[in-house]
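Take a look at the structure below.
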Amino acid sequence: MLPLSLRLLRSFNSATRPRILWSQYSPRSRQTLAVRHNSGGVSPTSVSGLAPSTVTSDPQATQSDANEPRLSLTFTCTAASCDTRSTHQFTKRAYERGIVLIECPGCRTRHLIADNLGWFKESTEDGKLRNVEDLLRARGESVRRGRLNPDGSIEVNE
């Protein structure tokens, strides 16, 4: 029997666009998080067969979600020789305080990007590794951060 949190995740339709409910606060500058795999090894933690976290159809939640600061993640999937490069966006608050799962458009594998609630302890060394930066650092791979400028260019911090 799966834990309750995993059963809830499985019950959502993967075709539904995920929305995460958070309280509204003023938007700040957008940030970009770029992930680069040095070794061509394993992708960020793969979570196959699970749907994205919380789904809602509340129009007020949709509007407040649009005002939240967002992060963008670009990565190359290495699950089952997929090699699909894709970009995904999610709220900064979900990355820092919640759970973020993203789905590769090539192989449909779901990858765990952040687990601040401790739902996936087996994948995060009992909750010690909370986000993709910690997970990749533990594997000896690097993460490059950057900032999206108003003109659309990305300034990468080395």
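When the letters of the sequence shown are read in order and numbered with numbering that gives the first Met the number 0, they come out as residues 0 to 157. Ideal Cβ placement from N, Cα and C applies to all residues, glycine included.
For residue j and residue i, believed in contact at Cβ under 8 Å, the rounded distance
| i | j | result |
| --- | --- | --- |
| S71 | T83 | Incorrect: roughly 16 Å between the Cβ atoms, too far for contact. |
| V131 | I153 | Between I153 and V131 the Cβ distance is about 18 Å, and since that is not below 8 Å, they are no contact. |
| L100 | R109 | 5 Å |
Burial state of residue i (16 or more Cβ within 10 Å)
| i | result |
| --- | --- |
| G97 | buried |
| R69 | buried |
| R146 | exposed |
| S141 | exposed |
| D114 | buried |
| E102 | buried |
| E67 | buried |
| L134 | buried |
| A78 | buried |
Rounded straight-line distance, which links the Cα of residue j to that of residue i
| i | j | result |
| --- | --- | --- |
| T73 | R107 | 16 Å |
| T75 | P104 | 11 Å |
| V126 | C81 | Note that residue 126 corresponds to Gly in the displayed sequence, not to Val. Approximately 28 Å, taken between the alpha carbons. |
| F89 | R129 | 16 Å |
| F119 | N148 | 34 Å |
Bridge-paired residues (DSSP) for residue i
| i | result |
| --- | --- |
| R109 | E102 |
| D114 | I98 |
| N66 | Paired residues: none, contrary to the question. |
beta-carbon residue i near the ligand NAP non-hydrogen atom, thresh 7 Å
| i | result |
| --- | --- |
| L72 | In the structure on display, the ligand NAP does not appear, and there are no ligands present to speak of. |
Contact under 8 Å by Cβ, residue i with residue j
| i | j | result |
| --- | --- | --- |
| N156 | R144 | yes |
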